[in-house]
Structure formats: structure tokens, C-alpha cells
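Line order of the protein sequences matches chains A and B.
When the letters of the first sequence are read in order and numbered with this note's numbering, they come out as residues 1 to 249.
When the letters of the second sequence are read in order and numbered with this note's numbering, they come out as residues 250 to 524.
Even for Gly, the Cβ is constructed at its ideal location relative to N, Cα and C.
Just so we're clear, the structure is a prediction, and the values are computed from it rather than from any experiment.
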Amino acid sequence: MSHHLVEVKDLKHTYPGGTEALRGVSFRITHGEAVGIVGANGAGKSTLLLHLNGCLAPAGGSVRIGDYPLTKETLAGVRRTVGMVFQDPDDQLFMPTVYEDVAFGPLNLGLPPGEIEARVMRALETVGAAHLRDRPPYRLSGGEKRAVAIAAVLAMLPDILVLDEPSSNLDLKSRRQLIGLLKGFKHTRIIATHDLDMILDVCERTIVLHEGRVAADGPTTEIFNDEELLRRSHLEKPLRMQACPVCGK
Amino acid sequence: MRAGGASSLESALLDLRGIETLAQQETPVHRRDPRAKVVTALAFIAVVISFGKYDVSALLPLLAYPVALIVAGNLPARFVLGKLLLALPFALVIGMFNPLLDRTALVQLGDLRVSGGWVSFASIMLRFGLTVSAAVILIATTGFGPVCLALNRLKAPRVFTTQLMLLYRYLFVLTEEAGRMMRAWSLRAVSERRISIRVFGSLAGQLLLRALDRAQRLHAAMLCRGFDGTIRPMRRLKFTAADLGFVAGWCAFFMIARIYHLPHLLGQGMMRMLP
């Protein structure tokens, strides 16, 4: 289906105050691809993600989601297509209970109650959080919060998932569960992170951002083997691709 | 603010969580529709504050309401009393000048003359105890979310209920953030016992900026999920005959207690029964 397509052309963004966050970013992501966005702090990752569903308006260039260019008129449709998981789950879980939070999106779509119940439970079961349904969000652990935040987005049935630092602040087991979950999705996935090992597991393609521009765009293994490129972009080889510190192999 | 600010903030937070735990019990009081409890509590408060300045004994029968709910709702009485103590200073400040200003003798008990000031002071304290405990009991038997939902259904302005709900949710996040800032301060200001005004200003300012930032991100997250200005409540409420009985029964009792001076009637009855 063509509406899983994400096309960004010469995207530019300047924050009030004059910081140029994006200086002409272009790429095209097709149906079902999992793409990692990596780069140093301040390279423009989060700014780029916020453009993908119109949380920020571009200063130049364009964003195209599926068949629609992102404009004021198509915003509602685009937001339904692109599910965004924020970096801090506390920003996303604002309703009194987990169940109500996951139901927030579907309720806004005006679905009938039976359909809402089914969608919410399906989303919670997908992330393994059905048992948390009646808990208030402030009583969840970091991993549980992240899982519920993802469920809240899944309940909107998006075609494209955009995740900002999904593995940050997670313990190792929660991180592993998250990786399994992300690998299992059939959605188009765009993941911004510093966790290159996770990218190695989940994404077949990686885009490297450096100072607001695309420094490289290609197959993940190829990019992570280019030590010169990684060094220039303030990155490091994923730990699993580095030599063993004990035996040196 | 004291240097132990971080820990006292955290204990206040634990207390709030305690009230939510109490609200999740299963008792006949908890099972009542939140609307029934909100309406009854509002009626109770209205009746209590409608009493006259010097009424003390006439208020006493109204104690039946908090006591009955504490017992039937399985609430620890100490918890409710603790909350009363927390709010006590405000009532004390309001009432403390009455005994000094109003010295006309109102009641004569043998040789002891009680001035109008003391009587009105007692009345204020009693009314304070009744109204605050009614509010605490309402939250502890209902939970904050359902109270907001009930207000919403009772046609309270939506802006108000939405604000109230988000306020409660982010109280936890904000207190944790403030607690972290206080801890960071106390670790680097080992010998100081109090925060200076200057430092306090910058801490409070930073907290405000962080809150504004978070509000912006939160709004973005809401927009991403199709928010259009109204939060659509999920839970269906069912107002049953038992709920109607709860409201009608209590309101009838409040009215009787307001119109008739029950302790007085009781006293007269007792007198008549005496030979």
C-alpha cells in the first residue's frame, strides 16, 4: 500500500533564536522498512521526527506521507497514519488509568464502544501490558510506561511508527523485550536512537545525520563498518561489532 | 524551605498514592456512583456552612455523615484525622481572633461564663472538621479521576474538569522533578540549612520553565492522537436505585438536622420520660 511511504525533500528547520537544526534533509522510506536515524546530540534527530507528523512546520522543503503532502488540510489524516512514540513516556500518558490512556486516541476517532474496547485490549496484549489496564500511569515502572506508550499509539492503528529513543532508560530485559516487539511489527518503522546495537537488531537501513544534514544513508551493516564515517559523525561501532576486550578477537 | 524539603515532598507524594489505594477498595460506599457521592458531599457542605455563627450543638448530629462513611467505607479514621490536622492551621487562623474580639457572655454554665467568641470559635472548628472530612472521604472512597468524571457529567465546565484531571496527573511528575532539584541543591549546599531567596527564585523559575516545556510536549502528544479540545471520558456511569437512595436518604437527614434542633428535641424527650 502506498500510504506507508515517507518522503522528505530538502527539509529545513530553524528554531526561533536562530539555531539551524535541519539544513536540507532528503530521504524516501518505503512500505514496511525499518530505518534507524542516528547522529550526535543536536544532529537534528528529534527535530526531524517532529516534522513527520506535523508537530513542527518546515521552514523549507516538504514532507510527504503516502499519497498526501503534509499540509494543514491533510494534518488529521497524516496524524492517524503516523504514530509517534515520544522520548519521555510521561509526556504521553496523561489519562488517569492505562486503559483510558490507550483509549484516548480511538475515542477521538469517534469509534463505537465495542470497537474501542477491542482495539485497546489488542494493543495492550501486543505489548504484553494487558494486566496493567487499571493502573494509574505514575505507578508503572520505566519499561511498563514505555510499553503502554507504544500501545497507546498502536491503538490508533497507524501504518507508520515513529519512535524517539525508545530504548533509553530501560533495563536490559525491558530493552530486549522492546527489540523483540519492534522486530515483530509489520509497520514502516523510523527509530531515532543512540543505541546502535538495537539498530543492528531491528533496522536493515540506517540514516546518519550530522549537523542537520544526511551524512550517509544505506544498509545498516555497511554504515556501521565505515569507521571513518562514524568517527566524523561522533558515533562509535556498535559494541557487538567491536573486538572482544578480553581476548582481542 | 527546609533542607529536608526533598524528603517531605516525597512523603506528601506517598500520601497521595495512599488515598488512591484507599479509593480502590470494594465497599458499599465505594460502589456508589461517583455522581451520587459528589452531590451528597456538596449538599452536606452547603448545609454545614448554612448554620448560624453561634450554632454548635445543632451541628453535632451531622457528625453521623462522616462517621458512617468512614465505617462503611472501611477508611482508617487516623488517616482522615491526619488530613484534618494538615488543614487545621487555616481554620485556626480564621477563628483565633473571635474569642478576643467577641467577649459578650453567651452561655452560663454554673459559675463559668462562655463568651460568644469562644462559641463561634467552636462552631468554626466544628464546621471546618465536618467539611474537610467530607471532602477527604469523598476522594478516599471515589478516587480523583472518577470525581472529575462525575463533575464532568454533572455539567461542570469542561475546561475546569480537564484542568483538574491533568493537574492531578502531573502533580506527581512535578513533585518528583521538584524533589530532584531539591536533592541536587542540598547535595551542593551541605552547610546551609535554608534556601536563600535568590536560589529559591532560580529553582522555582527553572521548575516553571520545565513545566512549560513539558506542557508543550504533552500538547503535541495529545494532538498526535487526535485531540480536538475535549477529552472524551471512557467509563460509563450507571446511576442505580441504590445511588438514588443514598442521595435522597442523606439529603433528607441533612434537611431534618438543619430544620430541627435534634439534640434539643432529644433532651426534651428525655426530660419528659423522667418521672
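Lys-9 (chain A): first and last residue of the uninterrupted alpha helix (DSSP H) it sits in: What you label residue 9 (chain A) is simply residue 9 of the first sequence in a count that begins at 1. Where Lys-9 (chain A) is concerned, there is no enclosing alpha helix (DSSP H), although the beta strand (DSSP E) it sits in stretches over 6 to 14.
Chain-order list of residues whose beta-carbon lies under 8 Å from that of His-210 (chain A) (same chain, five-residue window excluded): Sequence index remark: in the first sequence, residue 210 (chain A) carries index 210 (1-based). Result list for His-210 (chain A): Gly-39, Ala-40, Ala-43, Arg-232, Ser-233, His-234, in chain order.
Range covered by the alpha helix (DSSP H) that runs through His-513 (chain B): In the second sequence, counting from the first residue as 1, residue 513 (chain B) sits at position 264. For His-513 (chain B), the enclosing alpha helix (DSSP H) starts and ends at 511 to 522.
Reference Ile-223 (chain A), options A:Ile-37, A:Thr-206, A:Lys-183, closest by Cα: As a working note, residue 223 (chain A) is residue 223 in the first sequence. Ile-223 (chain A) has its Cα closest to that of A:Thr-206, out of A:Ile-37, A:Thr-206, A:Lys-183.
Report yes or no: do three or more beta-carbon pairs, one from the stretch 12 to 27 of chain A and one from the stretch 72 to 81 of chain A, lie closer than 8 Å? Taking a cut-off of 8 Å on C-beta distances, the stretch 12 to 27 of chain A does not touch the stretch 72 to 81 of chain A, as fewer than three cross pairs fall below it.
Hey, does Phe-421 (chain B) have any beta-carbon neighbour from chain A nearer than 7 Å? The residue given as residue 421 (chain B) occupies position 172 in the second sequence. Cβ-Cβ to chain A under 7 Å: yes for Phe-421 (chain B).
Quick one: which chain A residues come within Cβ less than 7 Å of Asp-477 (chain B)? Residue 477 (chain B) sits at position 228 when you count from the first residue of the second sequence. Residues of chain A passing the Cβ test: Asn-108.
Taking a cut of 8 Å between CB atoms, which residues from the stretch 128 to 162 of chain A lie near chain B? Those would be Pro-136, Pro-137, Tyr-138, Arg-139, Ala-152, Val-153, Met-156, in chain order.
So which residues on chain B does Phe-104 (chain A) lean against when the C-beta distance must stay under 7 Å? As a position in the first sequence, residue 104 (chain A) is number 104, starting the count at 1. Result: Arg-474.
Considering only C-alpha positions, which residue in the set B:Ala-321, B:Leu-312, B:Phe-495 is nearest to Leu-511 (chain B)? Sequence index remark: in the second sequence, residue 511 (chain B) carries index 262 (1-based). Looking at the Cα atoms, B:Leu-312 is the closest of the given residues.
Would you mind giving the Cβ-Cβ distance between Val-329 (chain B) and Val-385 (chain B), rounded to the nearest angstrom? I have them listed as a contact below 8 Å. Along the second sequence, read from residue 1 onward, the residue named residue 329 (chain B) stands at position 80. Along the second sequence, read from residue 1 onward, the residue named residue 385 (chain B) stands at position 136. The beta-carbon separation of Val-329 (chain B) and Val-385 (chain B), rounded to 5 Å, stays under the 8 Å limit for a contact.
Could you run through the stretch 46 to 67 of chain A and flag, in chain order, every residue whose CB is less than 7 Å away from some CB of chain B? Cβ proximity to chain B below 7 Å picks out Asn-53, Cys-55 from the stretch 46 to 67 of chain A.
Cβ separation of Asp-10 (chain A) and Arg-463 (chain B), assumed to be a contact under 8 Å, to the nearest whole Å: Counted from its first residue, the first sequence places residue 10 (chain A) at position 10. Counted from its first residue, the second sequence places residue 463 (chain B) at position 214. The beta-carbon distance between Asp-10 (chain A) and Arg-463 (chain B), rounded to whole angstroms, is 32 Å. This is too long to meet the 8 Å contact definition.
Environment of His-131 (chain A) [buried if 16+ CB atoms lie within 10 Å]: Taking the first residue of the first sequence as 1, we reach residue 131 (chain A) at position 131. Looking at its Cβ environment, which holds fewer than 16 other Cβ atoms inside 10 Å, His-131 (chain A) is exposed.
Tell me the residue span of the alpha helix (DSSP H) that contains Leu-182 (chain A). Sequence index remark: in the first sequence, residue 182 (chain A) carries index 182 (1-based). Judged by DSSP secondary structure, Leu-182 (chain A) falls within the alpha helix (DSSP H) whose first and last residues are 172 to 184.
Start-end ranges of the alpha helix (DSSP H) lying completely within the stretch 57 to 142 of chain A, minimum 4 residues: Note on the stretch 57 to 142 of chain A: whole alpha helix (DSSP H) runs with a minimum of 4 residues are 75 to 81, 98 to 108, 113 to 126, in chain order.
Kindly indicate which residue of A:Glu-33, A:Leu-56, A:Gly-105, A:Cys-55 has the alpha-carbon position closest to the one of Thr-479 (chain B). Within the second sequence, numbered from 1, the residue matching residue 479 (chain B) stands at position 230. Closest option to Thr-479 (chain B), Cα to Cα, is A:Gly-105.
Reduced DSSP category for Gln-357 (chain B) - H, G, I as helix; E, B as strand; rest coil: To locate residue 357 (chain B), count along the second sequence from 1; it is residue 108. In this structure, Gln-357 (chain B) counts as strand in the three-state DSSP scheme.
Give a yes or no on whether the minimum CB-CB distance between Ala-470 (chain B) and chain A is below 7 Å. The residue given as residue 470 (chain B) occupies position 221 in the second sequence. So, interface residue.
Closest to Ala-59 (chain A) by C-alpha separation, out of A:Thr-14, A:Asn-169, A:His-4, would be which residue? Mapped onto the first sequence, residue 59 (chain A) falls at position 59. The option with the nearest alpha carbon to Ala-59 (chain A) is A:Thr-14.
Taking Cβ-Cβ distances shorter than 8 Å, what residues in chain B pair up with Met-84 (chain A)? Translated into the one-based positions of the first sequence, residue 84 (chain A) becomes position 84. Within 8 Å Cβ-Cβ: Ala-470, Cys-473.
Looking at the strands, I want to know which residues DSSP matches up with Ile-294 (chain B). Position 45 of the second sequence, counted from the first residue, corresponds to residue 294 (chain B). Residue pairing by DSSP leaves Ile-294 (chain B) without any beta bridge partner.
Assuming contact is defined by CB atoms lying nearer than 7 Å, are Leu-49 (chain A) and Ala-152 (chain A) in contact in what I supplied? Sequence index remark: in the first sequence, residue 49 (chain A) carries index 49 (1-based). Sequence index remark: in the first sequence, residue 152 (chain A) carries index 152 (1-based). No.
Going along the stretch 84 to 98 of chain A in order, which residues come within less than 9 Å of chain C, judged by CB to CB distance? No chain C appears in the structure shown, which is made up of the protein chains A and B.
N- and C-terminal bounds of the alpha helix (DSSP H) containing Leu-398 (chain B): Here residue 398 (chain B) refers to the residue found at position 149 of the second sequence. Segment 393 to 402, the alpha helix (DSSP H) holding Leu-398 (chain B).
Less than 7 Å between C-beta atoms, sequence neighbours within five positions excluded: which residues of the same chain meet that for Pro-238 (chain A)? Mapped onto the first sequence, residue 238 (chain A) falls at position 238. Excluding sequence neighbours, Pro-238 (chain A) sits near Leu-196, Asp-197, Leu-200, Phe-224.
Are the C-beta atoms of Arg-79 (chain A) and some chain B residue less than 7 Å apart? Taking the first residue of the first sequence as 1, we reach residue 79 (chain A) at position 79. Interface criterion met: the Cβ of Arg-79 (chain A) is under 7 Å from a Cβ in chain B.
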